[in-house]
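A.B. asks: Numbering (full-length UniProt numbering), first residue to last: 1 to 697.
Beta carbons are placed, not taken as given, at the ideal position from N, Cα and C, and that holds for glycine.
Bear in mind that the values here come from a model prediction, so they are computed numbers and not experimental data.
Pasting a structure here, questions to come.
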């Protein structure tokens, strides 16, 4: 842990950086910025690691300096520089986000000690069914990713104290543009991406964007193969001078062969060190995911100061999987036996309606911002799990096992889930400027949550009516470059975890506090931030073990009085006209009411850094490096020491149309656990190489 002296040093360094950069800014001539550039939120072709504003924290368009919470952004340029092709790559460089692989095609995210379940697309909440995300979300469709750490009850579905992830789509362009990219890499990875956009009429009032991608790859793990296909189409139409209608649809097919269920038994892995290629998947295992997204959006300027936006979004996820879990023998943990053979078929449907009004009003001779609106989400989940016990207890040696075992019949017993979850909410907030320097941002959300049906053959009904989630913050702006804030909000988070009796846990509830100081320089091109935070929650799920009903499901216990506290520090943006960088550090503790450590698989310290350099004497060349440090972690059986993963990238623009890029991940081939969510564990990816060739028309 970092002591008070080191913490003071970090804070002093923050102040020193602010003063040095401020002096540099005073002697640097900035380029003129147009109104269009100041109001645009797109990062495509911006050559920047920052954005003009974000609304994912409060639903108000505020700059990073004005936002009274910890916020980060991974821009299009940063994704391009470091070849970040999926959401796991992106969140791996985002400050304060812990990314752990449950298996190769299932991922778990946490922030500030809690599960991340709040995902938004273009600022509209998209509830996740479980704490794990299946598949690797392709970033081809997205311009940038905004991360808000801490509770975001105003903008997301729940006031979850972890973080919200806002995926901002690429949009149709008024000018024609097109690009294609070929990629290849380790483990026979091959990829193709095509992106075409432009106007459909002479007046450019109707525009389109079509994006397609394909990737075929194997893995460092035996028997694992993956094929992903993506196709998306989006259209903008200026139906009046003040209204734009946008419609879009995308289809993503993610087929994975040789997928695991859970990975290694942690108790077995604690006494045996397997080769990195070892897998617990049989040769008949697979997980196929078919996702369809569609949305309709109407954006209208009611006046120069008022705007209304209505959104309908639909998502359908079909998953079909056959998997196997393994476990250790009680007498000898080094021995592994075949446990659960499971076939799972499930379908998720989501309907989201959102209406948001934002504007400016004048009171006491000052202009103030306000936002209010309604949100309704309906989620339907239908799942059938079938099991086979014919080979239960067969002992295998994973070092020599080739995955061969008879394909099960899956006819021994069944587990059915069929439930509907509905949420209705009303939100309102205002940013009231008490003086030119002092602002009070106050608001609330009123939520009604209901879930009913069948969950794993058991009747399910939960309802919470009119849950009141207040939000308040006080910000003080010293000047155009420096501001400080304090904020308070309550939290309310439904959860899908079950207890030892297979009953779903009731929602988590708690309180979140945060205080921080921020600075911004060179017209927002370089931002720094330091924040202190504290969260207290009741009914927090902690994994305990595996149910004895043969389903292989993990069960949890609910813990009251879980307190997370710590601090974060971040610097991101253009350091000079040759260097872009980001640096984020997180330090936290997670303890229960008895002052005992909770969720020890989450690192208490994380340091993430990226740096890219393009010399003025050779602007066509860009080189970069990134590092990801995680402190000690453990689960029920395994302890992992602190470690750092280093990556390298380089690109060269052959001419205005062509670019060649190369990357090396895990440069020093560090062997580590990429997931320690008890009672299982998985290895992280070893050293890998990638190359891409891009052509812009």
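Give every residue of the same chain whose Cβ lies closer than 6 Å to the Cβ of residue 692, excluding the five residues on either side of it in the sequence, and list them in chain order.
C.D. replies: Excluding sequence neighbours, residue 692 sits near 181, 183, 661.
A.B. asks: Give the DSSP-derived three-state secondary structure of residue 137 in the structure shown.
C.D. replies: coil
A.B. asks: According to DSSP, simplified to helix, strand and coil, what is residue 685?
C.D. replies: Looking at residue 685 - three-state DSSP - the assignment turns out to be coil, as it is neither helix nor strand.
A.B. asks: Can you give me the C-alpha to C-alpha distance between residue 685 and residue 664, rounded to a whole angstrom?
C.D. replies: Residue 685 and residue 664: Cα-Cα distance of roughly 12 Å.
A.B. asks: Take residue 174 and list the residues in its own chain whose beta-carbon comes closer than 7 Å to its own, dropping the five residues that flank it on each side.
C.D. replies: 199, 204, 207
A.B. asks: As an exercise, report each continuous alpha helix (DSSP H) stretch of at least 4 residues that is fully enclosed by the region 499-524, in chain order.
C.D. replies: none
A.B. asks: Quick check: what's the CA-CA separation for residue 395 versus residue 337?
C.D. replies: Approximately 4 Å between the Cα atoms of the pair.
A.B. asks: Using the rule of at least 16 other Cβ atoms within 10 Å of the residue's Cβ for burial, across every protein chain shown, is residue 615 buried or exposed?
C.D. replies: Residue environment analysis places residue 615 among the exposed positions, since fewer than 16 neighbouring C-beta atoms fall within 10 angstroms of its C-beta.
A.B. asks: Mind checking residue 258: buried by the 16 CB within 10 Å criterion, or exposed?
C.D. replies: buried
A.B. asks: Can you tell me whether residue 642 is buried or exposed? The criterion is at least 16 other CB atoms within 10 Å of its CB, across all chains shown.
C.D. replies: exposed
A.B. asks: Can you tell me whether DSSP reads residue 260 as helix, strand or coil?
C.D. replies: coil
A.B. asks: Let me know if residue 480 comes out buried or exposed under the rule of 16 or more other beta-carbons within 10 Å of its beta-carbon.
C.D. replies: Exposed, since its Cβ has fewer than 16 Cβ neighbours within 10 Å.
A.B. asks: Assign residue 617 to one of two classes, buried (16 or more other C-beta atoms within 10 Å of its C-beta) or exposed (fewer than that).
C.D. replies: Burial check for residue 617: the Cβ neighbour count within 10 Å stays below 16, so the residue is exposed.
A.B. asks: Entirely within the region 34-84 and at least 4 residues each: give me those alpha helix (DSSP H) ranges in chain order.
C.D. replies: 35-39, 76-81
A.B. asks: Can you tell me whether residue 211 is helix, strand or coil according to DSSP?
C.D. replies: strand
A.B. asks: Go through its chain and collect everything with a Cβ distance to residue 587's Cβ below 6 Å, but skip five positions before and after it.
C.D. replies: 2, 566, 567, 605
A.B. asks: Over what stretch of residues does the beta strand (DSSP E) that includes residue 192 continue unbroken?
C.D. replies: 189-199
A.B. asks: What is the rounded straight-line gap between the Cα of residue 530 and the Cα of residue 459?
C.D. replies: The straight-line gap from Cα to Cα measures roughly 47 Å.
A.B. asks: What are the complete beta strand (DSSP E) segments, minimum 3 residues, inside the region 566-652?
C.D. replies: 579-591, 605-613, 621-630
A.B. asks: Alpha carbons only, please: which of 646, 696, 657, 656 is nearest the one belonging to residue 82?
C.D. replies: 646
A.B. asks: How is residue 440 classed by DSSP in three states: helix, strand or coil?
C.D. replies: strand
A.B. asks: Quick one: Cα of residue 329 to Cα of residue 583, how far?
C.D. replies: 45 Å
A.B. asks: I'd like the list of long-range same chain contacts for residue 402, defined as Cβ closer than 6 Å, with 5 residues on each side in sequence excluded.
C.D. replies: none
A.B. asks: For the 8 Å Cβ check, are there 3 or more pairs between the region 263-280 and the region 105-113?
C.D. replies: no
A.B. asks: Within its chain, find whatever has a CB closer than 6 Å to the CB of residue 214; leave out the 5 residues flanking it on each side and keep chain order.
C.D. replies: 192, 229
A.B. asks: Kindly indicate which three-state DSSP category residue 266 falls into: helix, strand or coil?
C.D. replies: helix
A.B. asks: Could you have a look at residue 91 and say whether DSSP puts it in helix, strand or coil?
C.D. replies: helix
A.B. asks: Suppose contacts are defined by Cβ-Cβ distances below 8 Å. Is residue 470 in contact with residue 490 by that definition?
C.D. replies: yes
A.B. asks: Please classify residue 202 as buried or exposed, where buried requires at least 16 other C-beta atoms within 10 Å of its C-beta.
C.D. replies: Burial state of residue 202 is exposed, judged by a 10 Å Cβ sphere holding fewer than 16 other Cβ atoms.
A.B. asks: For a test of the three-state rule: what should DSSP assign to residue 675, helix, strand or coil?
C.D. replies: strand
A.B. asks: Give a yes or no on whether the C-beta atoms belonging to residue 62 and residue 53 are separated by under 8 Å.
C.D. replies: yes
A.B. asks: Do residue 526 and residue 454 have their beta-carbon atoms positioned less than 8 Å apart in this structure?
C.D. replies: no
A.B. asks: Assuming residue 271 is part of the beta strand (DSSP E), what are its boundary residues?
C.D. replies: First-last for residue 271: undefined, no H or E at that position.
A.B. asks: Name the two residues that bound the continuous beta strand (DSSP E) containing residue 382.
C.D. replies: 366-388
A.B. asks: Do you know offhand how far residue 518's Cα is from residue 311's?
C.D. replies: 33 Å
A.B. asks: Answer with buried or exposed for residue 619, where buried requires no fewer than 16 other C-beta atoms within 10 angstroms of its C-beta.
C.D. replies: exposed
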